[in-house]
Structures are given as C-alpha cells and as structure tokens.
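Protein chains in written order, with this note's numbering: chain A, 99 to 234; chain B, 12 to 436.
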C-alpha cells in the first residue's frame, strides 16, 4: 500500500512538473528597434519672447531695453496702416489712441528708467497693451 | 543568426536540479527519478540542436510612393534545412514608417521550402526611409535553443511629398528668351497683342492691321508680346522649424517647394533649388521632367541642421541665382539669418517672393498666463515683420497648413502688380 501510494505521488509529481515545463515560455519576444517618436520643437523666437515677458515684468531696464523696441516696431506697423507715425504723433493723440500706459512705454525720447531695479511691465499689463494694439 | 538557450531551458534544468538536490537532502532516490527526464530532455535538446538554415528577404511592391500611400512589403522566409521550423518574423520599424501588423508574425516553414508574410507599410511623412532587415527568431524542435538575428538587406523607399495643383503662379518680372508661357514685356512674335506702329521695311504682310491702316491712311502693323520662359529658384529655409508631434513647417515647406517646382517646370521654366540652412545644398536651374525628379530627390534630403554659422548671399554660388531669376523663398521666418537673406536679396534688386509657411499651426501657447501673452506678442511681431518685408517690395504669401497655396499666390500677384514700379526700381 505504501509503495503504491509512493508510485502515485511520484507519477502525479511527474505530471505536475511536465505541466510546469510546458507552461515555461519557449522563446522570448523578439528584440526590435523601438520606433523613434517624432519630437516637437518650439521656435527660439517664441522661447525668447516668453523669457522677455517674464524678465520685463521684474526689471524696468529689461522692459526699456528689450520690450520697448519690440512694441515700437509693432505699434509703428499698426499705426502706418492708419496713416500715422509714432514719431510725429502729438502726445494727446498718442494717449488717446494708445492709452496712457502703452504711450508711456513707446513714446519717442522715453528716458532710461531712473530706478534700474524698479518693476517693469507686468505680463497682465502687457496683455492689456497688446489688446489695445490689436484694436488699432 | 545568434543561438542561445531558450527561456524554457533554464527552467527545465532548475527543475532537474531541484529534484536531485531534494533527493540528496531527503535521502530518497525516487525524487532523483523525477529529475532524470528533465536532464534527458535538456541534454538531448542541446546535443541534437542544429542551427536552422533560414534566410529572409524583404521585397516591397514598389520603391516610390506618395507620403500617404501604402505599399506591401513581402518578407520571404526560406528554410534550406531538412526539417520544418517555426519562424517568428517582426519588421524593424523606423519612426517614420507605420507597419501593419505591428507585432510579431509566426509562420511554419517546411523543409526546403519558402513562406511569405505580407506587411502593409505606410510612410508617415515624405523622405527616404529604409525598410529591412527583419528580426527573425527560430527554435529547435524541443524548444531548448533559440536563434535570433536580423535577416535580409535594407531596401530604401522614397516617399514623395503631396503636391498641390496650382492654377496660378507668381508671375516673374523678367523673362528669358526661351519659349515658355509667360507673356514677356518685350515686343516680338507672339500671341498677346501689345501695340500698333507704322509699317517698316521687313515687316510681314500678315502683321498688317488693315482696320488701323484704313483709319490712319498708312500701313500699320500689330506688335505682340512673345511668350517666354523664366528662371525660378526655390530657396528652402531649413535653419529652424516649428514642429508638433505629427507635422512641422519643414514638411509643409518641402511640399510647397515640390508643388511649385512641378508647376513651374510644367510651364517650361528653368527651376533650381537651394536648401539654405545649417547645411547648404543646391541644384542649378534646368528644364524638364528629369529636373523635377532631381529637385524632389534633393528635397527629400532636406533636414533641419542646427548651426551657429552665419550665412548670407555670398554663401551661395553665383550660378545658382541667375540674373533676373524669380526667387521664391519658402520659409517659416523663424531664423534671423533667413530674414536677413531675404532683405539682402531684395536690396540687390532680385525679383523675390516669400512663401511663408506659417508656424502658428504647429505651436500652441504655453500653459501659464505670461506664456499666452508672449504668444500673442510673437503673433503681432510676425505681422510686423511681414509688413516690413512688404515695405521693401517683397510679396509675402502666407500658407497655413491645411490651406491652399493658390489664394496666397493670387494675393502676392496682386501685391506685385500694385508694387511693380517699386519692384523695378
């Protein structure tokens, strides 16, 4: 009886092991070169402007030296379509057309900021100025 | 092919080892009996395993196609061995090729016979793409050993960009004295009526305008504008591109250049191309269909190569820009060097038109409020730049992806008609 039980156990164990062997994977997945995903690239112009908007908010010098020429370029083009130029625009007309804040930035002969570490043009403020330019 | 133990083999050997160790540990020889079949299995597999004689080759149904078309790439797997083998095949993808089915395909190849597997291949963008070799995996009958390798050579596919049918082209200011389709300003034999003048010795009778002769009482002849061809140079700016995941401005630029090249060559113009960017390539202007294929092949090699090197008109060989040629600059207007080049060419009196491939479709504002302000500032800055170029007498056709180039070209022609006195200055 004991011998018979042992034979049964051995046979069952053998069957179990054979099942385990068949369950083992016979081959690993094929190694393939991964497809290279197409990357995205943002233009350097835009990245530089994003940086400029941030620095102009913190520094009056940055706003005067870098943001102001850009705004003058854009405003001049918009005004030229209306037959006006920034250089020959009287202050009263300039303030009326561009608004006080934008005129203060782009007006001819604007002096270099006295407080070099003073605040510049905050992004929200700049957004409002661009809204004015867009309406020109 | 490189042979190695299959993942099953270490498992089998581990089970055998476990049986033997437990037999030793427990002092029961019966447990060793369990290990014997696995030892026999593993040993027989290792002894009997022979490297399968499998070869594979990739055969695409064609080598040239348009970027959105599909082709069938057939992988032929040949087994020169005396036994049938199970072969798993997977195409090696490049990022620019979509392959269906994407995963591994298993096929049983009989002894000394061949099997075929078909894959659908679609290029995601224009360019030269390589397909093949394929990854192949086989194993012996017992599954003890596997062999992996890359079989078959690389086959180059050329995916041509989509071309747009253009009804109207930018009319050149100057023409060359070769037969073409542009009405020249000069007076000679042609179709378009130009003027009436008094008869001179040597004029042909068929040129006499009898109505004018009757009214004026002396012989009057018709003068006509001849139909001439022109030289066109496509200058593709590859300094920088704006790209989202799927598309970029360079894709659109190449597509535009190919469309313009085909349209101008179809009108018997001499067309050349300059890839102006980090690297400089050019093709001198020439006529004909062969030139079209040369241009498209040259465009397929276009790529944005980062470079700090400053380039200007002097970087270009003189023969690339023939005098009087119409220069079409295809650019996203993102790099200072290309903007300076455009201004410089105009200052030198070149007949110039800018086809601006708009980057706005490929770039979205950043996540923060200042980024949105910067994006708006960028948009306005680009408008101002466009206006500055127009003030120099340069027509600017803005092409937005998904739009048609035709209306933009018509707009440029209208601008050039109104600005002609300035352009000729």
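Ideal placement from N, C-alpha and C gives every residue a C-beta, glycine not left out.
Just so we're clear, the structure is a prediction, and the values are computed from it rather than from any experiment.
At a beta-carbon threshold of 9 Å, the residues of chain A lying near residue 377(B) are 140, 144 and 148, ordered along the chain. DSSP places residue 179(A) in no alpha helix (DSSP H); its state is neither H nor E. Here DSSP, grouped into helix, strand and coil, assigns residue 243(B) to strand. Sequence-distant Cβ neighbours of residue 64(B) in its own chain, meaning closer than 8 Å and more than five residues away, are 90, 91 and 92.
Judged by their CB atoms, residue 296(B) and residue 281(B) are nearer to each other than the 7 Å cut-off.
Distance between residue 388(B) and residue 246(B), taken at the CA atoms: about 28 Å. Nearest CB-CB separation between residue 253(B) and chain A: below the 7 Å threshold. Closer than 7 Å to the CB of residue 388(B) there is at least one CB belonging to chain A. Contact between the stretch 417-426 of chain B and the stretch 22-42 of chain B is absent, with fewer than three C-beta pairs closer than 8 Å. In the three-state reduction of the DSSP assignment, residue 90(B) falls in the strand class, which pools E and B. Within chain A, the residues 148 have their CB atoms less than 7 Å from the CB of residue 382(B), given in chain order. Taking CB atoms only, residue 68(B) has no neighbour in chain A less than 7 Å away. When DSSP states are grouped into helix, strand and coil, residue 202(A) belongs to the helix group. In the assembly as shown, residue 62(B) is an exposed residue. Its beta-carbon has fewer than 16 other beta-carbons within 10 Å. With a threshold of 7 Å between beta carbons, residue 182(A) makes no contact with chain B.
Residue 286(B) is bridged by DSSP to 247(B) and 292(B). Assignment of beta-bridge partners to residue 99(B) by DSSP yields 117(B) and 148(B).
Following the DSSP letters along the chain, one finds residue 190(B) inside the beta strand (DSSP E) bounded by residues 187-194. Judged by DSSP in its simplified three-state form, residue 227(A) adopts helix.
In the structure shown, residue 221(B) falls within a helical segment according to DSSP collapsed to helix, strand and coil. In the same chain as residue 231(B), and ignoring 5 residues on each side of it, the C-beta atoms closer than 8 Å to its own belong to 207, 208, 209, 210, 219, 220, 223 and 224, in chain order.
Burial check for residue 155(A): the Cβ neighbour count within 10 Å reaches 16 or more, so the residue is buried.
For residue 138(B), not one C-beta of chain A is nearer than 7 Å to its own C-beta.
For residue 113(B), the closest alpha carbon among the candidates 356(B), 399(B) and 128(B) is that of 128(B). Contact of residue 111(A) with chain B is assigned, a C-beta pair being separated by under 7 Å. For residue 206(A), the closest alpha carbon among the candidates 140(A), 166(A), 159(A) and 179(A) is that of 166(A).
The Cβ of residue 45(B) sits closer than 7 Å to at least one Cβ of chain A. Comparing alpha carbon positions, the residue from 211(A), 148(A), 189(A) and 163(A) closest to residue 225(A) is 148(A). Across the set 277(B), 215(B), 72(B) and 180(B), the C-alpha of 180(B) shows the shortest separation from the C-alpha of residue 427(B). Looking at the DSSP output, residue 410(B) sits in a beta bridge with 368(B). As the crow flies, the alpha-carbon of residue 266(B) is around 16 Å from that of residue 372(B). Within the same chain, and ignoring the five residues on either side of residue 161(B) in sequence, the residues whose Cβ sits closer than 8 Å to its Cβ are 103, 144, 145, 146 and 147. CA-to-CA, the gap between residue 353(B) and residue 335(B) works out to about 16 Å. Spatial neighbours of residue 211(A) in its own chain (CB-CB distance under 6 Å, excluding positions within 5 residues in sequence) are listed in chain order as 158 and 162.
Listed along chain B are 381, 382, 384, 385 and 388, each with a C-beta nearer than 9 Å to that of residue 151(A). Taking 7 Å as the cut-off, the beta carbon of residue 268(B) is found closer than this to the beta carbon of residue 310(B).
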